[in-house]
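Residue numbers (the numbering used here): 4 to 223.
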């Protein structure tokens with residue numbers, strides 16, 4: 004509970020926050036936005052809370068499809084699907100099909116997602132496959148991993164924003180975040196606003212990204 008209200012109330016408000024952040028993302032120069040909705044470890048939560056979240060995810064998908072189509076947002080769900088309720092899986096398939104042509108924003112919702120599990124599944128797949136005359140490269144392995152979580156072609160994460168004062172990755176996009184800039188804020192997700200997003204992006208653009216190199220001033 005927070006502020007005397009049950010956690011489920013925060014989930015409902017958090018779903019509304021998703022809409023405002025999705026709408027604000029393109030204006031902040033964001034082309035791909037990945038939101039961590041439900042980790043594979045979240046199945047450990049009380050069964051009533053999990054059931055409520057599954058219903059909330061389905062309602063969100065059904066209610067936002069038309070808005071996404073109008074605004075050029077392509078919606079994709081990454082993660083496992085075999086443990087999700089059938090009606091939710093149907094809603095995912097429908098939302099992805101309806102928004103497939105969106106080019107303004109690639110919205111990825113991580114649902115029943117675990118970065119370590121996706122890396123493990125990709126390693127098993129890569130080991131089972133044969134590549135005559137080819138070396139398994141970082142790029143090829145990334146492609147196999149994206150296929151394992153229904154992600155499709157994607158790129159590395161530039162900026163990872165962690166809300167709620169937590170300062171850990173929590174098994175989120177570990178491979179893709181190899182050189183991500185990390186931004187931590189005490190603001191809880193239900194309170195996170197477009198202005199907060201703009202502040203995070205502004206700070207990101209003020210950082211020097213070296214990707215393992217040396218500072219520009221020291222390069223000479």
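Cβ coordinates follow ideal geometry from the N, Cα and C atoms, glycine included. Note that the structure is a prediction, hence the values are computed from the model and not measured.
How is residue 211 classed by DSSP in three states: helix, strand or coil?
Here residue 211 sits in coil by DSSP.
Taking 8 Å as the threshold (C-beta atoms), are residue 200 and residue 31 in contact?
Taking 8 Å as the Cβ cut-off, residue 31 and residue 200 qualify as a contacting pair.
State the DSSP-derived secondary structure class of residue 202, mapped to helix, strand or coil.
Three-state result, residue 202: helix.
Look at the alpha carbon of residue 132 and the alpha carbon of residue 142, and state the distance between them as a whole number of angstroms.
If you draw a straight line from the Cα of residue 132 to the Cα of residue 142, it comes to about 15 Å.
Mark residue 139 as exposed unless 16 or more other C-beta atoms lie within 10 angstroms of its C-beta, in which case mark it buried.
Label assigned to residue 139: exposed.
Does the beta-carbon distance from residue 128 to residue 151 come in below 8 Å?
Yes. Within cutoff.
Report whether the distance from the Cβ of residue 63 to the nearest heavy atom of the ligand GDP is below 7 Å.
As far as ligands go, the structure on display features none, and thus does not contain the ligand GDP.
Contact belief for residue 119 with residue 177 at Cβ below 8 Å, rounded distance in angstroms
Correct: roughly 7 Å between the Cβ atoms.
Here's the rule: buried if 16 or more other CB atoms are within 10 angstroms of the residue's CB, otherwise exposed. What is residue 209?
Counting of Cβ neighbours within 10 angstroms places residue 209 among the exposed residues, the total staying below 16.
Three-pair Cβ contact test at 8 Å for the region 164 to 179 versus the region 87 to 95:
Remark: fewer than three beta-carbon pairs, one from each stretch, lie closer than 8 Å, so the region 164 to 179 and the region 87 to 95 are not flagged as touching.
If you scan the region 98 to 176 from start to end, which runs of the alpha helix (DSSP H) of 4 or more residues do you find wholly inside it?
Unbroken alpha helix (DSSP H) runs of no fewer than 4 residues, entirely contained in the region 98 to 176, are found at 118 to 131 and 141 to 151, following chain order.
Using DSSP with H/G/I as helix, E/B as strand and the rest coil, what is residue 4?
Interpretation of residue 4 is limited by its pLDDT of 44, a score under 50 that renders its predicted location unreliable; no figure is taken from the coordinates.
From the DSSP output, in three-state form, read off residue 90 for me.
The answer is helix: DSSP assigns residue 90 an H, G or I state.
Top-ranked residue by Cα proximity to residue 106, from 49, 15, 33 and 180
Taking each of 49, 15, 33 and 180 in turn and checking the Cα distance to residue 106, the smallest one comes out for 33.
On the DSSP letters alone, give me the boundaries of the alpha helix (DSSP H) that residue 63 sits inside.
In this chain, the alpha helix (DSSP H) harbouring residue 63 covers 50 to 73.
Is it the case that the Cβ atoms of residue 117 and residue 50 are separated by a distance below 8 Å?
Taking 8 Å as the cut-off, the beta carbon of residue 117 is found no closer than this to the beta carbon of residue 50.
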